[in-house]
Amino acid sequence: MQNKYTLGVIGAGNMAYAIVGGIINGGILKSSDIAISDIDAQKLEAFAKLGVYTQTDNVSLSANCENLLFAVKPQIAQTVFNEIESSVTANTVISIMAGITLSKLKAALGNRNYARIMPNTPALVGKGMSAIAFSENFYSDFVMNIFRSVGEAIQLDESRFDAVTSLSGSGPAYVYTFIKALIDGGMSGGLDFETSEQLALQTVLGAVEMIKASDKPINELIDAVCSKGGTTIQAIDSFREDGLENIIKNGMKKCLNRSVELSKE
Numbered sequence: 016m017q018n019k020y021t022l023g024v025i026g027a028g029n030m031a032y033a034i035v036g037g038i039i040n041g042g043i044l045k046s047s048d049i050a051i052s053d054i055d056a057q058k059l060e061a062f063a064k065l066g067v068y069t070q071t072d073n074v075s076l077s078a079n080c081e082n083l084l085f086a087v088k089p090q091i092a093q094t095v096f097n098e099i100e101s102s103v104t105a106n107t108v109i110s111i112m113a114g115i116t117l118s119k120l121k122a123a124l125g126n127r128n129y130a131r132i133m134p135n136t137p138a139l140v141g142k143g144m145s146a147i148a149f150s151e152n153f154y155s156d157f158v159m160n161i162f163r164s165v166g167e168a169i170q171l172d173e174s175r176f177d178a179v180t181s182l183s184g185s186g187p188a189y190v191y192t193f194i195k196a197l198i199d200g201g202m203s204g205g206l207d208f209e210t211s212e213q214l215a216l217q218t219v220l221g222a223v224e225m226i227k228a229s230d231k232p233i234n235e236l237i238d239a240v241c242s243k244g245g246t247t248i249q250a251i252d253s254f255r256e257d258g259l260e261n262i263i264k265n266g267m268k269k270c271l272n273r274s275v276e277l278s279k280e
């Protein structure tokens with residue numbers, strides 16, 4: 016293994032693959048600048064095809080990279096910290112581990128620059144939304160660009176991360192649930208699955224683009240589709256009577272509360 020890699024990654028899961036692929040495809044780093052380690056050699060095969068250096072030794076990797084990205088499950092974070100704490104040479108440590116705060120990272124690995132990221136799963140298709148919190152007196156365009164390579168990225172104070180978790184972090188599951196209801200509703204009206212799915216997916220995509228392109232508040236866009244005495248207003252009125260918005264907000268609150276609990280554990 017050469018003396019230094021620009022980026023070392025510990026953990027070879029799907030999110031790590033998306034991030035590494037984004038870095039290479041976005042021209043942020045060459046594949047030869049990246050090394051990755053995981054105890055599961057089979058998981059490393061896909062990364063080897065990207066041209067990055069692969070290994071199963073976390074200690075060796077952590078001793079030979081300028082920036083270190085943790086992409087392991089938070090449940091095993093402390094085990095990995097204990098394994099590599101005396102070998103880390105990276106100036107900057109990046110973490111996508113849910114619930115692992117900046118203070119926990121510093122307590123485990125000492126005085127360094129830290130970046131905590133809350134990404135979401137659409138990063139796997141280059142459409143992710145990542146929130147990034149930096150440790151005190153630290154900011155990195157390099158870190159920002161890594162996560163812009165797999166979607167959009169914003170800098171936020173870490174104190175807002177539980178709210179981020181309840182919105183963008185967990186949000187894809189909420190949207191999938193809504194889309195599934197649309198598809199099922201279409202099928203209940205007599206459509207076959209393929210047709211209903213196509214109509215639902217394009218409708219959601221189109222609605223998102225309308226919101227992004229318009230300078231009107233969302234409530235005005237809703238009203239623009241609803242004719243008095245027409246069809247759409249019947250559905251909207253039903254959603255309001257059933258408390259759909261409150262159902263969503265209550266679910267997000269429970270998600271946020273659980274995020275707070277996990278950060279304290």
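Residues 16 to 280 (the working numbering) make up the sequence shown, in order. From the three backbone atoms N, C-alpha and C, an ideal C-beta is built for every residue, glycine too. Only a predicted model underlies this, so the values are computations on that prediction, with no experimental measurement involved.
Quick check: what's the CA-CA separation for M16 versus I54?
Unreliable placement is indicated for M16, whose pLDDT of 47 sits below 50; the coordinate value is still reported in the next sentence. Spanning the two alpha carbons is a distance of roughly 17 Å.
DSSP three-state assignment for M112, whether helix, strand or coil
Note: M112 maps to coil in three-state DSSP.
Locate the alpha helix (DSSP H) running through R163, then write down its first and last residues.
156-163
M16, DSSP secondary structure in three states:
Unreliable positioning characterises M16 in this predicted model, as indicated by a pLDDT of 47, which lies under 50. The coordinate reading is nonetheless provided below. In the structure shown, M16 sits in coil (DSSP, three-state: anything other than H, G, I, E or B).
Are the CB atoms of T69 and A63 within a distance shorter than 8 Å?
yes
Pick helix, strand or coil for L44, following the three-state DSSP scheme.
coil
At which residues does the beta strand (DSSP E) containing C80 begin and terminate?
Residue range 80-85 is occupied by the beta strand (DSSP E) that includes C80.
Alpha helix (DSSP H) containing S75: first to last residue?
73-77
Please classify L220 as buried or exposed, where buried requires at least 16 neighbouring CB atoms within 10 angstroms.
exposed
Taking the alpha-carbon of D172 as reference, which of Q213, L117, S203 has the nearest alpha-carbon?
L117
Go through its chain and collect everything with a Cβ distance to D156's Cβ below 8 Å, but skip five positions before and after it.
none
L22 by DSSP, collapsed to three states: which one?
strand
Along the chain, which unbroken stretches of the alpha helix (DSSP H) at least 4 residues long are found entirely within the segment 125-199?
156-163, 176-179
For M267, which residues of its own chain have a beta-carbon under 6 Å away from its beta-carbon, when the five flanking residues on both sides are left out?
S181
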